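Student: Numbering (our numbering), first residue to last: 64 to 453.
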Amino acid sequence: MRITSAVLGLLAAHTILCAQQPDPFAAIAPRMQQFVDKGEASGIVTLIATRDRILHIGAVGKNDMSGARKLRTDDIFWIASMSKPLTAVCIAILADDGKLSFDDTLAKHLPEFAGIMVNQNGRSVQPSRPITLRDVLTHTSGLGEMTNREPHLTLAQTSRNLSQQALSFQPGSRWSYSTAGIDVLGRVVEVAGGMPFDQFLQKRVLDPLGMKDTSFWVAPEKQSRLAHSYRWNAHAGRLAETTIPYLYNTPVKDRARPPLGGAGLFSTAGDIARFYQMMLGGGALNGKRILKPATVVEMTRKQTGDLTARPGMPWGLGFCVVEDPSKIPGNNALSPGSFGHGGAFSTQSWADPTRNLIWVLMFQRDGKGNPDNSDVRIAFHEGAANGLEK
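1. May I have a chain-ordered list of the beta strand (DSSP E) segments no shorter than 3 residues that lie completely inside the stretch 377-406?
2. Taking only three categories from DSSP, how would you classify Gly207?
3. Contact defined as beta carbons within less than 8 Å: I believe Ile151 pairs with Glu208. What is the distance between those atoms, to the nearest angstrom?
4. Work out the CA separation of Pro214 and Asn459 for me, nearest whole Å.
5. Give the straight-line distance between the Cα atoms of Ala255 and Ala155, rounded to the nearest whole angstrom.
6. Determine contact between the stretch 100-108 and the stretch 320-330, defined as no fewer than three beta-carbon pairs at a distance below 8 Å.
7. From Gly446 to Pro87, what distance separates their C-alpha atoms?
8. At what residues does the beta strand (DSSP E) containing Met425 begin and finish?
9. Using the three-state DSSP reduction, which class does Asp317 fall into: helix, strand or coil?
10. For the candidate residues Asn436, Val423 and Gly450, whose alpha-carbon lies nearest to that of Met145?
11. Just how far apart, CA to CA, sit Ile441 and Arg186?
12. Contact between the stretch 368-386 and the stretch 394-406: three or more CB pairs below 8 Å?
13. Please state the DSSP three-state secondary structure of Asp438.
14. What did DSSP end up calling Ser187 once you bin it into helix, strand or coil?
15. Considering only their Cβ atoms, is the gap separating Phe338 from Ser278 smaller than 8 Å?
16. Excluding sequence positions up to five away, which residues of its chain have a Cβ less than 7 Å from the Cβ of Arg301?
17. Less than 7 Å between C-beta atoms, sequence neighbours within five positions excluded: which residues of the same chain meet that for Arg237?
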């Protein structure tokens, strides 16, 4: 009895002590709430993690500006171009499996690209060399976009259609962002991996990492958790609800829409954190190996040489790499060598190997400048600064 009483006393003391411990990240929520109060965001989820634990996760605002439901930390967001690193990891898995090489020609896996030409000052000329998978992963292939695609084109049809468009420059000579190019890599996964792209992603990445809410489609039972999307109307000075352009006017649950790896995924802050924990863990998480350590290093190093990409940010294989954080304020909290990706509707995910930190920011807002340098992202980093110093 005395032992039990002593144990209970210690537990009670521990509980009181924990309750008295201040939240080191308490400054984040009020900083985020300011944007909600000003009508500049509906709701915001923030997450900070290390390779093995969550340091902070919080949510402010609402799932839908016109409703009453508060935003939850497990709500689902369209992550847009944050999809690209996941597609790149699928290609890298196949490289680890010996099914392909980053320096394979695109035409080796998709023969329709064998005859592609280059638009040079209005004339069609032969490419100086074939496009490689490395070119596509680094946005140096010359591939363009498919702005008026039919919503239900398969990945095979998408690939054939893009192969009929001339390259905008010689492969490897410039950097130009191509979401459609990453979509085509999904078809490479299907051909080299021997199964539909979404199934490969599920089997080799999502299931092993426990990313249970990440998908190209939002199931009916999860749609109440889908955060609504908004566009900033500068003339009116307010947000207005908008549609997700990459759905091409299809419902979020429409599985006839193909799995577009360039910008088609939906996810949660927690799922994205697990993905980057795997990357910071050298390709493994909780005993599940996704990539070889050397492959992670290869994917997250500067691949674009002297080519100009984004300010202070060259490209790795599917990942943006931070070389000079001072070039934009949104990167000031990151160390050189950090890697990650943003999304068109303001979602952000970055891993900092030097500080062993992962940053995830989830909200849905278009039309207010570069999401990589958004006021919300800067405020998130500033709000976290004191907590990270403790």
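Where is the CB? At the ideal position from N, CA and C, for every residue including glycine. None of these values were measured; they are calculated from a predicted model.
Tutor: Put simply:
1. 402-405
2. When DSSP states are grouped into helix, strand and coil, Gly207 belongs to the coil group.
3. Residue 151 is actually Ala in this sequence, not Ile. Under the criterion of beta carbons closer than 8 Å, Ala151 and Glu208 do not qualify as touching, at roughly 18 Å.
4. Nothing about residue 459 can be reported from this structure: the residues present for the chain run from 64 to 453 only.
5. Rounded to the nearest angstrom, the two C-alpha atoms are 12 Å apart.
6. no
7. 10 Å
8. Leu420 to Met425
9. coil
10. Val423
11. 45 Å
12. yes
13. Here Asp438 sits in helix by DSSP.
14. For Ser187, the secondary structure class from DSSP, reduced to helix, strand or coil, is strand.
15. no
16. Gly102
17. Thr203 and Leu370
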